[in-house]
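Taking it in order: structure first as structure tokens, then the write-up.
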Amino acid sequence: MDFISLSYYSTRLVSTKENSEKTEANLFTTVKNPYLETSEWGWQIDDLGFRTTLNVLYDRYQKPLFVVENGLGAKDEVIDGEIIDDYRIAFHKAHINMLGEAIKDGVDCLGYTSWGCIDLVSASTGQMSKRYGFIYVDRDDAGKGTNKRIPKKSYYWYQKVIKNNGIY
């Protein structure tokens, strides 16, 4: 094995307390961390958990890591022909920053890619309204729309990140 690829969206917590506040994930219910912000779909945003995960994986396996999926599903609004998705930029900034910290910690990382470059139907919910991309697609949950593509504000931001090798 040459490297380990991973997808990271959120950490998960468990508890022995039956009455703990729950949060929904793709496959199972977990306990809500009261110190973390939560997305519209109940996924907790944990960039520090990203750094921790990278360190644990690298320490355990001593193989280079490749982050092949990381992103934020959100409902984007088109206003005057634009999508100003500062929340997506903030999500990626925080995670890329923690990736940089993990590299300083000694983690060997081959690369980072987001999920995904263009909006598509969410595999976890079957919704088009759960948008991850840097490019908006004019299509709704019922399959209606023009399919017109509109680059979001995050598209231009991420383009600069790529050009500058992770510097934003």
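The numbering of the sequence shown is this note's numbering, which starts it at 1 and goes up by one.
Backbone N, C-alpha and C fix where the C-beta goes; we use that ideal spot for every residue, glycine too.
Reduced DSSP category for residue i - H, G, I as helix; E, B as strand; rest coil
i             : result
serine 154    : helix
arginine 69   : The sequence given here places glutamate at residue 69; arginine does not occur at that position. If DSSP states are grouped into helix, strand and coil, glutamate 69 belongs with the strands.
tyrosine 87   : helix
alanine 142   : coil
isoleucine 79 : strand
Delimiting residues of the beta strand (DSSP E) encompassing residue i
i            : result
valine 137   : 135 to 137
tyrosine 112 : 109 to 112
isoleucine 4 : 4 to 7
Residue range of the alpha helix (DSSP H) that includes residue i
i         : result
valine 56 : 47 to 61
Residue i classed as buried or exposed, judged by whether at least 16 other C-beta atoms fall within 10 angstroms
i               : result
asparagine 147  : exposed
alanine 102     : buried
phenylalanine 3 : exposed
glutamine 44    : buried
glycine 73      : buried
methionine 1    : exposed
valine 67       : buried
isoleucine 89   : buried
glycine 81      : exposed
glycine 111     : exposed
aspartate 47    : buried
serine 114      : buried
glycine 49      : buried
According to DSSP, residues forming a beta bridge with residue i
i            : result
glutamine 44 : Thr38
serine 122   : None; serine 122 has no bridge partner.
alanine 74   : Arg131
Interface flag, residue i vs chain B, CB-CB below 8 Å
i          : result
valine 137 : Note that chain B does not occur in the displayed structure, where there is just one protein chain.
Whole-Å CB distance - residue i paired with residue j, under 8 Å assumed
i                 : j             : result
tyrosine 9        : asparagine 70 : 7 Å
phenylalanine 134 : cysteine 109  : Between cysteine 109 and phenylalanine 134 the Cβ distance is about 21 Å, and since that is not below 8 Å, they are no contact.
lysine 93         : glutamate 40  : Not quite, the Cβ-Cβ distance comes to about 19 Å (not below 8 Å), so this is no contact.
lysine 152        : tyrosine 168  : About 15 Å; that fails the 8 Å criterion.
isoleucine 150    : isoleucine 84 : In fact, because the Cβ distance is near 11 Å, the residues do not count as touching under 8 Å.
aspartate 140     : arginine 131  : Rounded, the Cβ-Cβ distance is 11 Å, inconsistent with contact.
Residue i Cβ short of 7 Å to the ligand GDP heavy atom set
i             : result
tryptophan 41 : The model on display carries no ligand, and the ligand GDP is accordingly not part of it.
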